[in-house]
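Q: Got a structure here, written out as structure tokens. Questions coming.
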Amino acid sequence: MQELIIARGFSPLLLARHRVFSSLSIQTQRQELLVLHENHQASDDARRIRNAIKGVRSRVVEDIVRSLQSDHPCSTINLTTNLVDGLLHGFGDDWKSALGLFNWAASRPGYAHSQFACDRVVDMLGRMRQFERMWDFVGEIRGGGCFSFTLGTVAKIMRRLVGAGRWRDAVKVFDDLPSMGFEQDVESMNLLLDALCKDGKVEVAREVFAVLKAQISPNAYTFNILVHGWCKVRRMDEAKWTMQEFEGYGFRPSVITYSTLLKAYCRRLNFARVYEMLDEMQSAGCPPNVVTYTVIMKSIARSGRLEESARVLERMRTSCCRPDTFFYNCLINALGKAGQVQEAFQMFEVDMRADGVDRSVSTYNTVIAVLCQDDRDRDALNVLKEMENSASMKPDLQTYAPLLKMCLKTITMKEELLSELLNDIVNKHHLSLDLSTYSLLIHGLCKTGNIGWACNLFEEMVEMDISPRTQTCRLLLDEAGQRGLYDIVERIKSALKQIESLAT
Numbered sequence: 167m168q169e170l171i172i173a174r175g176f177s178p179l180l181l182a183r184h185r186v187f188s189s190l191s192i193q194t195q196r197q198e199l200l201v202l203h204e205n206h207q208a209s210d211d212a213r214r215i216r217n218a219i220k221g222v223r224s225r226v227v228e229d230i231v232r233s234l235q236s237d238h239p240c241s242t243i244n245l246t247t248n249l250v251d252g253l254l255h256g257f258g259d260d261w262k263s264a265l266g267l268f269n270w271a272a273s274r275p276g277y278a279h280s281q282f283a284c285d286r287v288v289d290m291l292g293r294m295r296q297f298e299r300m301w302d303f304v305g306e307i308r309g310g311g312c313f314s315f316t317l318g319t320v321a322k323i324m325r326r327l328v329g330a331g332r333w334r335d336a337v338k339v340f341d342d343l344p345s346m347g348f349e350q351d352v353e354s355m356n357l358l359l360d361a362l363c364k365d366g367k368v369e370v371a372r373e374v375f376a377v378l379k380a381q382i383s384p385n386a387y388t389f390n391i392l393v394h395g396w397c398k399v400r401r402m403d404e405a406k407w408t409m410q411e412f413e414g415y416g417f418r419p420s421v422i423t424y425s426t427l428l429k430a431y432c433r434r435l436n437f438a439r440v441y442e443m444l445d446e447m448q449s450a451g452c453p454p455n456v457v458t459y460t461v462i463m464k465s466i467a468r469s470g471r472l473e474e475s476a477r478v479l480e481r482m483r484t485s486c487c488r489p490d491t492f493f494y495n496c497l498i499n500a501l502g503k504a505g506q507v508q509e510a511f512q513m514f515e516v517d518m519r520a521d522g523v524d525r526s527v528s529t530y531n532t533v534i535a536v537l538c539q540d541d542r543d544r545d546a547l548n549v550l551k552e553m554e555n556s557a558s559m560k561p562d563l564q565t566y567a568p569l570l571k572m573c574l575k576t577i578t579m580k581e582e583l584l585s586e587l588l589n590d591i592v593n594k595h596h597l598s599l600d601l602s603t604y605s606l607l608i609h610g611l612c613k614t615g616n617i618g619w620a621c622n623l624f625e626e627m628v629e630m631d632i633s634p635r636t637q638t639c640r641l642l643l644d645e646a647g648q649r650g651l652y653d654i655v656e657r658i659k660s661a662l663k664q665i666e667s668l669a670t
């Protein structure tokens, strides 16, 4: 049956989108149809706008605005903030399309942009180092009075300037805050220090703090930022000295401060120092809590020193510290990476229940991934079924990724299960495939020789305005060419031309 579908040029996923929900009640069907209609309308509106933008070959912002203004289908669209914000989010690094859309939407009668939209454009222009455009845009939104210019917006500007190596400009932004209507206080100072430290400019941050501390009293967060900065650049002595200065101002290091240091020692695989610091926390009257142990467990999973996980768990239990959901998620992940799949599954099935710890979507996703890595497909599917039967849980694309990968592992692909999972993703849970999921499917289908199906999905993702990765395009062309499937080669080339025309 699958071969017949592929031969006729239909994607099983596309067919799944149009299946009738025969098992649902009439009322539920009506609700489902209403949701589908609204989603379909929003999708159509988004596509009309994207098409009008794509037709502008000059890629000049003003031309994009004119194209949208002169496009009759776009002029009939009832703009919503969800629609515009969704489009802005989907533009990625395409700042020209984003700015053109923003300006066009702002010109529409009765439409007001959200705070997200303003911050998104500022952040995108900064990320793409279009700083002149960014300042012009900031001037427009401040002068127009229609949009809110917040400290959150200022933080994005500072972060992008520092990231582009223009930290002096970021400091100047801080100096100019009063003219923007903001105070130079501990909150705004911390934003500047945080931007500098996160980019590794800790020495600059230290100098800035040395100048400002005479006029602005620091708080505990100030010192945590600096400690984190020194740990990030692996200068542990400076981090410890900052803690001493911390105490000189009357602040005591918190669990957050110690956890930052612990994470740095874990990264350096210095677990002897980790255990010493846990003792130090007890002596200082700041006993480790579940957040502390979770930081360590997460670092253990990343570092590969998985033999430490049992020692940390034992130490946690003897200190009467009760684990929470996030800790168990990290522990299950660490055990899975160590190949201790049964132990990980027992933590999920037995220990979490015994400790009265609630499971989260992330818990289920982690367990399913661990089971799939060990080819325990039946157990993984049972966990998925349990998740679906839970009133408070809903699978997401991360839930399905390891299951899809499991289906595509061997040449004898589990075709029926794959089709069933895809149908559930689309029809049962109303999820839209993203770039990662499409890429996973296409690469897996090529590996198992299902080139026709892979090509159908490739064309579908292009139609959905999801640009495939270069590696995916090359793989499909190579696989189809080697098998002499020249009609598929032409279809892929046609899709690639469509993508290239949008990028120019």
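FYI, the working numbering numbers position 71 of the sequence shown as 237, with every residue one higher than the one before it.
Beta carbons are placed, not taken as given, at the ideal position from N, Cα and C, and that holds for glycine.
(1) Got a sec? Which residues, its chain only, sit under 8 Å from residue 235 by beta carbon, not counting five neighbours each side?
(2) Around the C-beta of residue 474, are 16 or more other C-beta atoms found within 10 angstroms, so that it is buried, or is it exposed?
(3) Which ranges does the alpha helix (DSSP H) cover as unbroken runs of at least 4 residues, wholly within the stretch 243-267, from first to last along the chain?
(4) Can you check which of these residues, 621, 629, 637 and 583, is closest to residue 654 by C-alpha distance?
(5) Is the beta carbon of residue 573 within less than 6 Å of some heavy atom of the ligand MN?
(6) Tell me whether residue 258 is buried or exposed, calling it buried when 16 or more other Cβ atoms sit within 10 Å of its Cβ.
(7) Would you kindly check if the distance between the Cβ of residue 523 and the Cβ of residue 494 is under 7 Å?
(8) Excluding the 5 residues preceding and the 5 following residue 188 in the sequence, name in chain order all residues of the same chain whose CB lies nearer than 8 Å to its CB.
(9) Evaluate the contact criterion for the stretch 444-456 versus the stretch 410-417: three or more CB pairs, one atom per stretch, below 8 Å.
(10) Is DSSP giving residue 230 helix, strand or coil here?
(11) Taking the alpha helix (DSSP H) that residue 537 falls in, what are its first and last residues?
(12) Using the C-alpha atoms, what's the distance from residue 534 back to residue 549?
(13) Considering only the alpha carbon of each residue, which of 567, 593 and 591 lies closest to residue 602?
(14) Please report the distance separating the alpha-carbon of residue 498 from that of residue 504.
(15) Tell me, to the nearest whole angstrom, how far the beta carbon of residue 212 is from that of residue 265; I am working on the premise that it is less than 8 Å.
(16) Answer yes or no: do residue 658 and residue 641 have a C-beta to C-beta separation smaller than 7 Å?
(17) Whose C-beta lies closer than 7 Å to the C-beta of residue 509 among residues of the same chain, with five residues either side of it excluded?
(18) Ends of the alpha helix (DSSP H) at residue 413?
(19) Just to confirm my understanding: we take residue 443, look at its own chain, exclude 5 residues before and 5 after, and list those with CB closer than 8 Å. What are they?
(20) Between 220, 344, 583 and 532, which lies nearest to residue 511 when the distance is taken from Cα to Cα?
(21) Considering Cα atoms alone, identify which of 625, 379 and 267 is closest to residue 660.
(22) Beta-carbon within less than 7 Å of residue 675's beta-carbon, same chain only, minus the 5 sequence neighbours each way: which residues are those?
(23) Near residue 571, what residues of its chain come up, given a Cβ to Cβ distance below 8 Å and the 5 sequence neighbours on each side ignored?
(24) Let me know if residue 282 comes out buried or exposed under the rule of 16 or more other beta-carbons within 10 Å of its beta-carbon.
(25) Spatial neighbours of residue 671 within its chain, please: CB distance less than 7 Å, with the 5 preceding and 5 following residues excluded, ordered by chain position.
(26) Could you give the residue range of the alpha helix (DSSP H) that holds residue 627?
(27) Just to check my reading of the structure: residue 348 and residue 320 have Cβ atoms closer than 8 Å, yes? What is that Cβ distance to the nearest angstrom?
(28) Using the three-state DSSP reduction, which class does residue 463 fall into: helix, strand or coil?
A: So, from the listed chains and residues:
(1) Contacts found: 241, 270 and 273.
(2) Classification of residue 474: buried, given that the 10 Å Cβ count is 16 or more.
(3) You should have 247-256.
(4) The residue with the shortest Cα to Cα distance from residue 654 is 621.
(5) Although the ligand MN was asked about, the structure shown includes no ligands whatsoever.
(6) Burial call: exposed.
(7) Closer than 7 Å, so yes.
(8) Only weak support is given to the placement of residue 188: the predicted model assigns it a pLDDT of 37, under 50, and the value that follows is read from those uncertain coordinates. Cβ neighbours of residue 188 beyond the five flanking positions: none.
(9) No: the two stretches stay apart, fewer than three of their Cβ pairs being nearer than 8 Å.
(10) Residue 230 carries a helical assignment under DSSP once its states are collapsed to helix, strand and coil.
(11) For residue 537, the enclosing alpha helix (DSSP H) covers residues 527-539.
(12) Going by the C-alpha atoms only, they are around 7 Å apart.
(13) Closest option to residue 602, Cα to Cα, is 567.
(14) Approximately 10 Å, taken between the alpha carbons.
(15) Contact doesn't hold; Cβ gap of about 17 Å is too wide.
(16) By the CB criterion at 7 Å, residue 658 and residue 641 fall outside the cutoff.
(17) Once the five neighbours on either side are set aside, the close Cβ partners of residue 509 are 501.
(18) 402-414 is the span of the alpha helix (DSSP H), which, as asked, contains residue 413.
(19) Excluding sequence neighbours, residue 443 sits near 424, 427, 428 and 431.
(20) For the residues 220, 344, 583 and 532, the minimum Cα distance to residue 511 belongs to 532.
(21) Nearest C-alpha to residue 660: 625.
(22) An answer regarding residue 675 cannot be provided, because it is not within the stretch 167 to 670 covered by the chain.
(23) Once the five neighbours on either side are set aside, the close Cβ partners of residue 571 are 538, 606 and 610.
(24) Result: exposed.
(25) The structure shown has nothing for residue 671, since the chain only spans 167 to 670.
(26) Looking at the DSSP string, the run of the alpha helix (DSSP H) that includes residue 627 is 617-629.
(27) Approximately 7 Å separates the beta-carbon atoms of residue 348 and residue 320; this is inside 8 Å, confirming the contact.
(28) Helix.
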